[in-house]
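In my numbering, the protein residues as written are 25 to 185. Written out below as structure tokens is the structure these notes cover.
Right, dumping it as structure tokens:
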């Protein structure tokens with residue numbers, strides 16, 4: 025896992041250069057939004073169960089997916105879906121705190137699409153639920169932090185598409 029600082033420094037180091045103005049500006053932006061990201065992460069941690077519950081209610085609960093024969097039918101499948109959404113929320117939060125999506129590739133997306141396809145997990149419904157988490161999270165953390173978190177939810181959705 026990298027963070028915004030490591031990412032900028034590694035890029036300069038590979039080239040054997042000092043940080044240029046663009047690199048310094050990236051770091052400045054990262055530090056300026058630090059408090060916002062930490063407050064958002066605290067709010068998300070305190071409300072994770074509610075975020076997931078509301079996202080499921082918005083996107084999946086009253087659809088064919090929860091009826092007999094659907095992919096979330098039976099308590100075991102429903103619990104697995106909730107577990108996965110919790111992972112996505114947690115790792116999107118880690119990415120937002122780090123200012124870098126690399127943890128999403130390493131710990132979430134690497135092989136996920138293939139695994140879901142082999143298990144018959146509906147990727148479209150998963151993306152729908154992640155987008156609902158993006159909306160619910162944005163309403164809790166505010167516009168600026170919501171936009172920042174949205175980048176990481178969108179990254180997950182893009183990796184699943």
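Glycine included, each C-beta is placed from N, C-alpha and C at the ideal position.
Asked	Found
Go through its chain and collect everything with a Cβ distance to residue 179's Cβ below 6 Å, but skip five positions before and after it.	125, 128
Residue 66 and residue 160 - do their beta-carbons sit closer together than 7 Å?	no
Is it buried or exposed, residue 130, if we count other Cβ atoms within 10 angstroms and call 16 or more buried?	exposed
Within this structure, are the beta carbons of residue 27 and residue 123 separated by less than 7 Å?	yes
In chain order, what residues of the same chain lie with their CB nearer than 8 Å to the CB of residue 51, ignoring the 5 residues before and after it?	28, 29, 32, 43
Is the beta carbon of residue 96 less than 7 Å from the beta carbon of residue 106?	no
What number of angstroms, rounded off, separates the C-alpha of residue 132 from the C-alpha of residue 176?	12 Å
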